[in-house]
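I have placed the structure first, in the form of structure tokens, so that the comments after it can refer back to it.
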Ligand SMILES: [Zn+2]
């Protein structure tokens, strides 16, 4: 059981050694996902387990729950026994709790694959609502469900296209393009 204080993982920079940076990414992702979801609810996120037993990725995903902002986030893997708590997460930059009650625009449910969910999590400069939608992607059985308003979906598709256009790394560009195709198809939008 990993007991972590998020504040100890916030000043991670390019000089931080790989393992420490990976752990910080893991924990900040969990905070983003947990806070993007509702309190008092235990649910399975799209975040993959970090463990690699026998050099193969654990197929589990991270399950999160929390009750109040002052209390820790609890997390565990849906497959193995990896688990932990994270304290001092509220009001951090990874806290994606709803800031205000927004007018209830209709939302749609878009099924995405693991790679698309992962590509969406890497997008910089998303606004708070889009970020929350991305980290709130929920695993139900073998499917990942993205719940978004039309505006958020358009923003995400635009961000994928813009990021792919500016990406010098071919491999990442392909990932972004694939995610773009997947999202436009899933959204029922024609490809331009
Ligand atoms: Zn696991």
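In this note's numbering, the protein residues as written are 2 to 193. Idealized CB from N, CA, C, for every residue including glycine. In this text the structure is predicted, and so the values were computed from the model without any measurement.
Assign residue i to one of two classes, buried (16 or more other C-beta atoms within 10 Å of its C-beta) or exposed (fewer than that).
i           : result
residue 92  : exposed
residue 15  : exposed
residue 193 : With a pLDDT of only 48 at residue 193, under the threshold of 50, the placement of this residue in the model should not be trusted, and no figure is reported.
residue 5   : buried
residue 18  : exposed
residue 74  : buried
residue 38  : buried
residue 180 : buried
residue 82  : exposed
residue 3   : exposed
residue 183 : buried
residue 97  : buried
residue 53  : exposed
residue 154 : buried
residue 141 : exposed
residue 133 : buried
Along the chain, where does the alpha helix (DSSP H) containing residue i start, and where does it finish?
i           : result
residue 131 : 129-136
residue 39  : Per DSSP, residue 39 belongs to no alpha helix (DSSP H) and is neither H nor E.
residue 116 : 115-122
In terms of residue numbering, what span does the beta strand (DSSP E) encompassing residue i cover?
i           : result
residue 53  : Taken as a continuous stretch (DSSP letters only), residue 53 belongs to no beta strand (DSSP E), as it is neither H nor E.
residue 75  : 74-78
residue 146 : 144-150
residue 141 : 139-141
residue 62  : 62-66
residue 6   : 3-6
residue 180 : Counting along the chain, residue 180 falls outside any beta strand (DSSP E), though it belongs to the alpha helix (DSSP H) covering 171-187.
residue 86  : 84-88
residue 47  : 44-49
Do you know how far the Cα of residue j is from the Cα of residue i?
i           : j           : result
residue 152 : residue 128 : 12 Å
residue 80  : residue 148 : 24 Å
residue 176 : residue 117 : 8 Å
residue 59  : residue 51  : 7 Å
residue 164 : residue 126 : 10 Å
residue 167 : residue 131 : 20 Å
residue 158 : residue 33  : 20 Å
residue 26  : residue 189 : 32 Å
residue 22  : residue 13  : 6 Å
residue 105 : residue 57  : 43 Å
residue 70  : residue 35  : 11 Å
residue 146 : residue 119 : 13 Å
residue 107 : residue 169 : 36 Å
Can you round the beta-carbon distance between residue i and residue j to whole angstroms, since I take them to be within the 8 Å contact cut?
i           : j           : result
residue 135 : residue 122 : 6 Å
residue 113 : residue 187 : 6 Å
residue 160 : residue 95  : Not quite, the Cβ-Cβ distance comes to about 19 Å (not below 8 Å), so this is no contact.
residue 86  : residue 40  : Their Cβ separation, rounded to whole angstroms, is 15 Å, which puts residue 86 and residue 40 out of contact at 8 Å.
residue 7   : residue 90  : 5 Å
### Segment contact flag, the segment 62-73 with the segment 37-46, C-beta cutoff 8 Å, min 3 pairs
yes
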